[in-house]
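At position 247 of the sequence shown (counting the first as 1) the number is 595 in my numbering, and the numbers step up by one without a gap. Notes follow the structure.
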Amino acid sequence: VTMEMKDSGSVVLTAYHPHSPARIPGMEQSFVQDIPPGHSPSSRKSLSRCRRINRMLSNESVPPAFSRSNSQASVDSTSMEDFWCEVESIKESREDGSEEAMLLEFKPADEGELEAEWLQDVGLSTLISGAEEEDGQALLSTLTRTQAAAVQKRYNTYTQTLRKKNKHTVRDVRDIFGASDSSPTFETVPVSPVSSNGIQLPGQKPVWKSVSSKSCLDCGTDKGSPSITEELSYDVSFSESITVLPKTQEWPKNQRFKKEDSALPKFVVRKSRFGLTEVGDLSPEDMKKIRYLSLIELTAFYDALGVELKRNRVERVRGRENGLFGVPLIVLLENDQKKVPGIKVPLIFQKLLLKLEETGLETEGILRVPGSASRVKNLHQELEAKFYEDTFDWDQVRNNDAAGLLKMFIRELPSPLFTVEYLPAFITLVEKISKIKLQLQALHLLIMLMPEANRDTAKAFLQFLKKVVANEGKNKMNLWNVSMIVAPNLFIYKGKRANQQEMQAAATTAHIVRLLIRYQDILWTVPSFLISQVRKMNEAAMNNSKRQLMFDKGVRKLLRRKTMERERPERPEGAVTFPPYLQSDIPEGVIRVYAPLHSKVSMAIQLNSQTKAKDILARFHCENSCGSSQNVRGQIQSLHEIGGNIGQHCLDPDAFMLDVYRANPQAEWVIKPKAT
């Protein structure tokens, strides 16, 4: 079975705001109008209605204007049956009062406002305010050619709009970036490939080849997967890779994708000498810079493909400040962290996933077969009252009811899990981009853009869905089945009637969920070219700070006074003595590793070309096997790179340390538990 999808700019994606003080009149029209109300989806009559809807949406019943040659989508009557049954189930749950919903209010954008918001979102508000801030200058100094072009395009549009409105004098782009000609351009970073630690190595060219090695991140399908495996490169920015494609290579207007699991290609990301970096391996400060760069890169990537990157502008609707359902993720986490410090996924969400993983993975039709609406409603109310008191009886919860509560939690989030601002970008990456590899690259950048709370919660959810698919033999839920059920809970859109345009969006969102589940291990790995730019940002910021200090007379006087104090023979009372690992008198190629939780807290280690991070960990474990406490021996310890041109970086155990050391010789090296 294949699906044909044609590019169309007429599909409007909106999102539902699931929490409100009162129902909105006429809300029933937000879903498929042709589905009659009433009846449980689990009944035979409801199932026949779902099938009738699919027959109505199939190519056979479409009016002549939607012939196969120009239809938005072509599917058979059963391929999307689960999707529409799930839509009806959601509709009925809202009709019986167990859920309430309202449409998010979308703000109209004045001319130039979108560009101004974009510049602010990428950390370049200085271009709007006119202030001279080091962070903005550091960011601009790291941009590649395509990224700089994307920034310049938005800035030019913004300034031209302001001049038309005669609001105030606008700085010329040449004044900001030092360009002297009439077609100003940004000063950009050379577009040479970078090694996987993020440091560019001139003269190297990316090698694209098929691999069959296990020393890599492997994302594909085992059953009937393609014999050739393609290696993904993180060495060059995705947008720069587009520019070297042959100009004769164009994307077909009608793109096709198969719903069979085996139709998805197999991709791997080979570990370089610097290993791989997961999202949680970097400090929050560096991840903030990753988000800036990801939005710039995503914009440049879409520009290179000739695709418009659309964003929603939404009126902020405040959710509940307490409780479980309908509460913003950030508020839930703040409340939960009072009970469990450092928690990254809401406790109620974790508990629902745990319940299903323990007892529901082998349940036939899990996620697809709905639970009892009345039971789910009662459980919802009971959870709100008893969860934080630890008096809720989880043994009473049936698996299908737990699945219903899980989906309800996602639907009732005040803002969609994958953020309402970028929902159009998710849809566009499938509707406008035909190649799976390019879709995956765009999806990768969108994941990097997500707020931390959303990204961590989405990761936990996708890991659970992967386990559901892995038990297909018993639960009868393959990758496409799971994707169709989950899609309407994540990407609910508005349509006046069930037509081919809505069918296209249905197939599109199911395909997006399928990509998220299949390639999640790749998507939560930080591309090395972004780490390269973060390192350069940090180096540029440090250099700017040093230059500022040199010209600050007050600081120089203070330094002279401190120097005189150091020359005194007596040490002041209470003076701080820096530990050995912070001292700089260490020979080349030797690092001092600090392990504050071990009995032997520091050790000087001579690096060679084969020394890996796991070798250093093993040496510390051997030296401290008797002296360390039981708690330390039971924890998973990792080697961290701290300071220099990175905030904090948890190293891959397979990272070759001499290469990492040369990339960041000013770093400190600390062994401590990895943040989970």
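C-beta atoms are modelled at their ideal positions from N, C-alpha and C, and glycine is treated no differently. In this text, all values refer to a predicted model and were calculated from it rather than measured experimentally.
For W1017, the enclosing beta strand (DSSP E) has its first and last residue at 1016-1021. Residue environment for N972: buried (at least 16 other C-beta atoms within 10 angstroms of its C-beta). The secondary-structure analysis by DSSP pairs H988 across a beta bridge with C998, V1018. Contact annotation, V882 with V861: C-beta distance approximately 30 angstroms; criterion of less than 8 angstroms not satisfied. By a beta-carbon distance limit of 8 angstroms, L754 contacts L704. Their separation comes to about 7 angstroms. In the three-state reduction of the DSSP assignment, M951 falls in the strand class. In this structure, V617 keeps its C-beta atom at 8 angstroms or more from the C-beta atom of I879.
By the Cβ rule, the stretch 715-723 does not count as touching the stretch 762-776, because fewer than three pairs are nearer than 8 angstroms. Rounded to the nearest whole angstrom, the CA to CA distance from W742 to L467 is 48 angstroms. Residue environment: Q495 is assigned as buried (16 or more neighbouring CB atoms within 10 Å of its CB, all protein chains considered). Residues F740 of the same chain have their beta carbon placed closer than 8 angstroms to that of K734, with the five preceding and five following residues left out of the count. Contact between the stretch 813-820 and the stretch 638-647 is absent: fewer than three C-beta pairs spanning the two stretches fall below 8 angstroms. In the three-state scheme derived from DSSP, where H, G and I count as helix and E and B as strand, K637 is classed as helix. For V1008, the enclosing alpha helix (DSSP H) begins and ends at 1005-1011. When only Cα atoms are considered, H859 and S782 end up about 12 angstroms apart.
In this model, V941 and E800 are separated by some 30 angstroms (Cα to Cα).
Proximity of the stretch 948-963 to the stretch 1000-1012 meets the contact definition, three or more beta-carbon pairs being nearer than 8 angstroms.
In the displayed model, V874 falls within coil according to three-state DSSP, outside both helix and strand. Cβ-Cβ separation between L793 and F774: approximately 11 angstroms, too far for a contact (criterion under 8 angstroms).
Beta-bridge analysis with DSSP links R723 to no other residue. A Cβ-Cβ distance of about 6 angstroms is found for the pair L643 and L797, placing them in contact under the 8 angstroms criterion. Note on geometry: alpha-carbon atoms of K687 and G671 lie some 14 angstroms from one another.
Beta-bridge analysis with DSSP links K960 to F1004. Here R940 is bridged, per DSSP, to A952.
Taken through DSSP and simplified to helix, strand or coil, L630 comes out as strand. Separation of the CB atoms of V874 and T490 is rounded to 15 angstroms, and the pair is thereby denied contact status at 8 angstroms. The C-beta of A952 has fewer than 16 other C-beta atoms within 10 Å across all chains shown, which makes the residue exposed. Residue environment: N504 is assigned as exposed (fewer than 16 neighbouring CB atoms within 10 Å of its CB, all protein chains considered). Under the 10 Å beta carbon count, E633 is surrounded by fewer than 16 other beta carbons and is classified as exposed.
Inter-residue distance for S986 and E820 is about 35 angstroms (C-alpha atoms, whole angstroms). With respect to the 8 angstroms criterion, F673 and F757 are classified as neighbours on the basis of their beta carbons. In this structure, DSSP gives P935 a state outside helix and strand, which the three-state scheme calls coil. Taking each of R511, G623, Y582 in turn and checking the Cα distance to D1007, the smallest one comes out for G623. For the set Y1009, C998, A464, the Cα lying nearest the Cα of N956 is the one of Y1009.
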